[in-house]
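Trainee: This structure is in structure tokens; I'll ask about it shortly.
Residue numbers (UniProt numbering): 1 to 253.
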């Protein structure tokens, strides 16, 4: 930030309180990359001088950004840009790869497991197939710009997309591979819950066992109503955010 920022802030025609305008300026610099994720902001004195606001006004702006997940505070050390939380929009069925590219991020994966197995009784019930039906099992650490975001464990009925066994899922999208083989998912039922991180997943997400994670369980169907993909994705809670909206159904006020 520079003196132009200070002049623009003070000269703004906005009727918003000064702390709101200060918060907007700081957030804009975060979004533009001037302040990078996990990096400390300038000192409060420097920010006050650059923005032309009092320390009380600045702290209110900073606290507002903490509550919004943009910043985090470290007692005695200052204010830091929060690690990037990547948002998905649940009303639109996007693959991890599509979401990443929409946000100008580079998606990659570390493949932990890619093999064929026979469906158990429970898995057969999930897919609506006979027990013993061959499933393609794919487990990956999903990364954005090289940073681990989650661990994805997916299963697909193999005869719906037999070419999956030949795909390189380091970079390939599972949903796009399904689409290319005539089994594109068009709808999904999802459940999201907070859990403690399982020991076998913690190391891949650089967490301690039991630390909080978000777990999304999904069942995806194609245009013919067939269950084509069942997955469980475990996300680091500080690197993933799900945003949605609600509409009131016309009940009494």
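Virtual Cβ for every residue (Gly too), placed ideally from N, Cα, C. As the structure is a prediction and not an experimental result, all values here were calculated from the model.
1. From which residue to which residue does the beta strand (DSSP E) around residue 111 run?
2. Using only the alpha-carbon positions, how far apart do residue 43 and residue 59 sit?
3. Would you please state the rounded distance, in angstroms, between the beta carbons of residue 156 and residue 164? I believe it to be under 8 Å.
4. Residues bridged to residue 234 by DSSP?
5. Would you tell me roughly how many angstroms separate the C-alpha atoms of residue 198 and residue 27, rounded to the nearest one?
6. What residue range is occupied by the uninterrupted beta strand (DSSP E) comprising residue 187?
7. Check residue 99 in the structure and name its three-state DSSP category.
8. What residues are listed by DSSP as bridge partners for residue 136?
9. Can you tell which of 200, 81 and 234 has its C-alpha closest to the C-alpha of residue 30?
10. Following the continuous beta strand (DSSP E) through residue 242, name the residue where it begins and the one where it ends.
11. Pick out whichever of 20, 189 and 196 has its Cα sitting closest to the Cα of residue 222.
12. Terminal residues of the continuous alpha helix (DSSP H) containing residue 47?
13. By Cβ distance below 6 Å, which residues in the same chain neighbour residue 211 in space, the five residues on each side in sequence not counted?
14. From the DSSP output, in three-state form, read off residue 221 for me.
Mentor: In terms of the structure at hand:
1. In the chain shown, the residue the question calls residue 111 occupies position 111. It spans 107-118 - the beta strand (DSSP E) in which residue 111 sits, taken as one unbroken run.
2. On the chain shown, position 43 is the one that residue 43 refers to. On the chain shown, position 59 is the one that residue 59 refers to. Computed Cα separation, rounded: 11 Å.
3. Mapped onto the chain shown, residue 156 falls at position 156. Mapped onto the chain shown, residue 164 falls at position 164. Yes, residue 156 and residue 164 are in contact; Cβ-Cβ is about 6 Å, under 8 Å.
4. Locating residue 234 in the chain shown gives position 234, counting from the first residue. Paired residue(s): 151 and 215.
5. Along the chain shown, read from residue 1 onward, the residue named residue 198 stands at position 198. Along the chain shown, read from residue 1 onward, the residue named residue 27 stands at position 27. Here the alpha carbon of residue 198 sits roughly 34 Å from the alpha carbon of residue 27.
6. The residue given as residue 187 occupies position 187 in the chain shown. In the DSSP annotation of this structure, the continuous segment of the beta strand (DSSP E) that includes residue 187 starts and ends at 187-196.
7. Taking the first residue of the chain shown as position 1, residue 99 is located at position 99. Residue 99: helix per DSSP, three-state reduction.
8. Along the chain shown, one-based indexing puts residue 136 at 136. For residue 136, the beta-bridge partners assigned by DSSP are 116 and 156.
9. Translated into positions along the chain shown, residue 30 becomes position 30. In terms of CA proximity to residue 30, 81 leads the group 200, 81 and 234.
10. Residue numbering aside, residue 242 sits at position 242 when the chain shown is read from its first letter. Its beta strand (DSSP E) spans residues 240-242.
11. For this step, residue 222 is matched to residue 222 along the chain shown. A check of alpha carbon separations from residue 222 across 20, 189 and 196 identifies 189 as the nearest.
12. Translated into the one-based positions of the chain shown, residue 47 becomes position 47. 44-51 is the extent of the alpha helix (DSSP H) around residue 47.
13. Numbered from its first residue, the chain shown carries residue 211 at position 211. Answer for residue 211: 197, listed in chain order.
14. Stepping through the chain shown from its first residue, residue 221 is reached at position 221. Residue 221 carries a strand assignment under DSSP once its states are collapsed to helix, strand and coil.
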